[in-house]
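Be aware that the sequence shown starts at 1, since it is given in full-length UniProt numbering, and climbs by one per residue.
In this text, a Cβ means the ideal position worked out from N, Cα and C, and glycines have one as well.
Notes follow the structure.
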Amino acid sequence: MGVSSFSIATPPNPIEEEDESQNSSLLSSNKTQSVNQSQNPKKTIFFISLIIITCISLSVAIAFGFLYYSSIKNVSPSKSVSPSMAETARPLVKLSQPVVLLISTDGFRFGYQFKTPTPNIHRLIHNGTEADLGLIPVFPTLTFPNHYSIATGLYPAYHGIINNHFTYPGTGETFYMGSHDSKWWLGEPIWETVMNHGLKAATYFWPGSEVKKGSWNCSADMCKHFNGSVAFEERVDTVLKYFDLTSNEIPSFMTLYFEDPDAQGHKVGPDDPQITAAVAKVDKMIGRLIDGLEKRGVFEDVTIILVGDHGMVGTCDKKIIYVDDLSPWIEIPPTSVQTYTPVLSMYPPPGISAADTVAKMMEGLKSGKVDNGMNMRVFLKEDLPARLHYAASERIPPIIGLLEEGFKVEQKKTKRKECGGSHGYDNSYFSMRSIFIGHGPQFGRGVKVPSFENVEIYNLITSVLKIQGAPNNGTESFLKSILLPSS
Ligand SMILES: *[C@@H]1O[C@H](CO)[C@@H](O)[C@H](O)[C@H]1NC(C)=O
Ligand SMILES: *[C@@H]1O[C@H](CO)[C@@H](O)[C@H](O)[C@H]1NC(C)=O
Ligand SMILES: *[C@@H]1O[C@H](CO)[C@@H](O)[C@H](O)[C@H]1NC(C)=O
Ligand SMILES: *[C@@H]1O[C@H](CO)[C@@H](O)[C@H](O)[C@H]1NC(C)=O
């Protein structure tokens, strides 16, 4: 595998909308050509000058018209790539204070919104702000690390949830997705920040929300314990009922979580019709939510942030690397391995150093004698690309193997033959991206912003709620690029 596969995958430039003046000059240059062919030189020069003058005046007129238009009205949809200078946040109409509703649709890969008509998601896009080429997850691109990065603004090394499951080296204790002891969950999640400021928060599922931490005690009425059997409709309707409370009782921050289309993506991969159906169902839930908010007259007041935690890529049984195939170079017992696919994380086998383990594994992988060996690269965690931010925690095992998109790693060959989907890979793969759509008083309408990492979202929420957040890994310049200034 070439080094290039692990270089920063620079996102392609956002597709720039052709503006009207460009269109008109394109049209006229075509015309000029055809005129040229049929006229004599003098006439042609006259004609060209005339057309150029017409062009310039037209562009100026259009430009002024557009400036005027944007100063009196909000920026017209899909024209701008960043909030207009002239536009400011819209005042609340019915609510007495800002409310943020953070919604996650698990494994909603960027692009799924075009699989099938998604009129409700597109309503939010049309009148809201969208990450043009999707939301960039943190590494590893797994559900728990990412949801908790969204909630804390921290990279996994700093919030402690470095994988969906791991063993703490000091004590041998194991973290799994049902671990609710606060010792695992570092940092300050947004629901705790909200409570610290005397505001109310309500969570309808979110990894980490069941954990009692500081001022957040996960009280029964405001904090639901994960139960995948609860119908999506019931989740939406419960959130809607919070808006029937008296205005000072309405939680300032709420979450809503759907485990689709991740569940289907793992089973059948990202390109199966089952995904299309799951996406349509999520869209229906967004519609149910919008309807309910509109009935209560608060749709335009509520700040809706719709995200996914990661994307999905197809995997198949011919794209597997077997750890046992490395045995001519180094014997790696299963007890040394903490996680396999799609992030190999492991300790050195007894009696051998981590550096020697990496060297021997790489020798085997590069030998050409290990099936798919060229598709995995093994690192000491401190040698991983810095952009992954995956070293500064003793919970992260010392040796990490990065797989190329769509590959898997297992201990040994089995008879199992299957194709499905997976995520967890390098967050620079486009397939790992999810969606970001913000809709509400502080989001411009029809605005596209460049893709950004999900650790920015925590500051976005505290800013809308006008509260001071805890230190985190979001960047200072980000808020100005996405939120409208207060009027
Ligand atoms: C977008 O917002 C405008 C102004 O409030 C409203 O008239 C229009 O119906 C909205 N469009 C959609 C698709 O919701
Ligand atoms: C949990 O917190 C809420 C809000 O601060 C408080 O009203 C409630 O009494 C607390 N419950 C428990 C069991 O501590
Ligand atoms: C999970 O939700 C289902 C459907 O609402 C319910 O019947 C079941 O009792 C719940 N399970 C638990 C453990 O609360
Ligand atoms: C992330 O934020 C934490 C908390 O402020 C800080 O300790 C850490 O150095 C930050 N890491 C990076 C890479 O910015």
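Locate the beta strand (DSSP E) running through residue i, then write down its first and last residues.
| i | result |
| --- | --- |
| Gly265 | Gly265 -> not in any beta strand (DSSP E); alpha helix (DSSP H) instead, spanning 262-268. |
| Ala202 | 201-204 |
| Leu101 | 100-105 |
| Phe253 | 253-258 |
| Met346 | 343-346 |
| Thr303 | 303-307 |
| Thr116 | Segment: none, Thr116 is in no beta strand (DSSP E) and carries neither H nor E. |
| Ser422 | 419-422 |
| Thr339 | 337-339 |
Relative to the C-alpha of residue i, which residue among the options is closest?
| i | options | result |
| --- | --- | --- |
| Ala89 | Lys319, Asp237, Asn473, His439 | His439 |
| Leu402 | Pro140, Glu394, Trp216 | Pro140 |
| Phe430 | Glu453, Arg445, Gln338 | Glu453 |
| Val378 | Ala386, Ser393, Asp272, Leu344 | Leu344 |
| Asp272 | Val455, Ala470, Pro333, Lys115 | Lys115 |
| Ile330 | Gln338, Thr255, Ala354, Lys318 | Ala354 |
| Thr341 | Ile320, Asp324, Pro334, Val358 | Ile320 |
| Glu210 | Asn196, Phe226, His197, Asp221 | Phe226 |
| Pro328 | Pro349, Glu294, Gly351, Glu363 | Glu363 |
| Leu256 | Arg445, Val230, Thr357 | Val230 |
| Arg109 | Glu249, Lys318, His310, Glu394 | His310 |
| Ser428 | Pro137, Gln338, Ile121, Asp106 | Pro137 |
| Leu484 | Arg395, Val447, Asn146 | Val447 |
| Pro349 | Leu326, Ile250, Leu365 | Leu326 |
| Asn164 | Ile150, Ser179, Gly170 | Ser179 |
| Tyr176 | Pro207, Leu388, Ala359, Lys412 | Pro207 |
| Arg445 | Thr167, Glu300, Thr105 | Glu300 |
| Glu249 | Glu234, Pro270, Asp221 | Asp221 |
| Glu173 | Met432, Tyr425, Arg395, Lys412 | Arg395 |
Based on the DSSP secondary-structure assignment, which residues constitute the bridge partners of residue i?
| i | result |
| --- | --- |
| Ile136 | Glu453 |
| Arg377 | Leu402 |
| Leu465 | DSSP, once it has assigned bridges, lists no residue as partnering Leu465. |
| Tyr322 | Glu410 |
| Ala131 | Val449 |
| Lys224 | Tyr204 |
| Trp184 | Bridge partners of Trp184: none, in fact. |
| Phe175 | Phe166 |
| Trp216 | Lys213 |
Could you name the residues of the same chain whose beta carbon sits closer than 6 Å to that of residue i, not counting the 5 residues immediately before and after it, in chain order?
| i | result |
| --- | --- |
| Phe436 | Ala131, Leu135, Val307 |
| Gly297 | Lys94 |
| Gly128 | Ile437, Gly438, His439, Phe443 |
| Ser487 | Thr88, Ala89 |
| Ala278 | Asp260, Pro261, Gln264 |
| Val236 | Met285, Arg288, Leu289 |
| Trp216 | Trp191, Glu192, Met195 |
| Asn472 | Gly153, Leu154, Tyr458 |
| Lys213 | Ser182, Glu192 |
| Gly292 | Leu240 |
| Pro11 | Because Pro11 carries a pLDDT of 34, less than 50, the predicted location of this residue cannot be relied on, and the following value inherits that uncertainty. Closer than 6 Å at Cβ, skipping near neighbours: Leu133, Ser451. |
| Tyr112 | Val279 |
| Pro397 | Gln338, Ser345, Met346, Tyr347 |
Within a Cβ cutoff of 7 Å, which residues of the same chain sit near residue i, ignoring the five residues on either side of it in sequence?
| i | result |
| --- | --- |
| Gly228 | Glu259 |
| Lys224 | Thr203, Tyr204, Phe205 |
| Thr193 | Thr462, Ile467, Gly469, Ala470 |
| Gly474 | Gly153, Val455, Glu456, Tyr458, Asn459 |
| Glu382 | Ala391 |
| Ser434 | Phe108, Arg109, Phe110, Gly134, Leu135, Pro137, Val307, Gly308, Asp309, His310, Gly311 |
| Lys360 | Trp329, Ile330 |
| Phe144 | Ile161, Asn164, Met177, Pro207 |
Would you give the residue range spanned by the alpha helix (DSSP H) that residue i belongs to?
| i | result |
| --- | --- |
| Gly292 | 273-295 |
| Ile435 | Premise fails: Ile435 is in no alpha helix (DSSP H) and is neither H nor E. |
| Met195 | 190-196 |
| Ser149 | 143-152 |
| Gly364 | 354-366 |
| Thr315 | Unbroken run through Thr315 is the beta strand (DSSP E), 313-316; no alpha helix (DSSP H). |
| Val236 | 232-242 |
If I measure Cβ to Cβ from residue i and keep anything under 8 Å in the same chain, skipping five residues before and after, which residues do I get?
| i | result |
| --- | --- |
| Pro119 | Asp283, Gly287 |
| Ser252 | Gln97, Pro98, Val99, Val100, Val194, Leu199, Lys200, Ala201, Leu465 |
| Val409 | Ile320, Ile321, Tyr322, Val323, Tyr340, Thr341, Pro342, Leu344, Met376, Gly401, Leu403 |
| Thr238 | Tyr204, Lys224 |
| Ser367 | Trp329, Gly373 |
| Tyr68 | Any reading at Tyr68 must be qualified, since the residue scores a pLDDT of 40, below 50, and its modelled position is unreliable; no value is offered. |
Return no unless some Cβ of chain B is closer than 7 Å to the Cβ of residue i.
| i | result |
| --- | --- |
| Val230 | Annotation note: the requested chain B is absent from the structure, which comprises a single protein chain. |
**OP:** State whether the region 180-194 contacts the region 151-166, with contact taken as three or more CB pairs (one from each stretch) at a distance under 8 Å.
**Re:** Here the region 180-194 makes contact with the region 151-166; the two share three or more CB pairs at distances below 8 Å.
Original post:
Does the region 416-423 come close enough to the region 312-329 to have 3 or more Cβ pairs within less than 8 Å?
Top reply: At 8 Å Cβ cutoff, the stretches touch.
Subject >> Any 3 or more C-beta pairs closer than 8 Å across the region 454-464 and the region 472-480 >> reply: yes
**OP:** Check whether the region 389-408 touches the region 243-258, taking contact to mean three or more Cβ pairs, one atom from each stretch, closer than 8 Å.
**Re:** Using a Cβ-Cβ distance cut-off of 8 Å, the region 389-408 and the region 243-258 are not in contact, since fewer than three pairs of beta carbons, one from each stretch, lie closer than that value.
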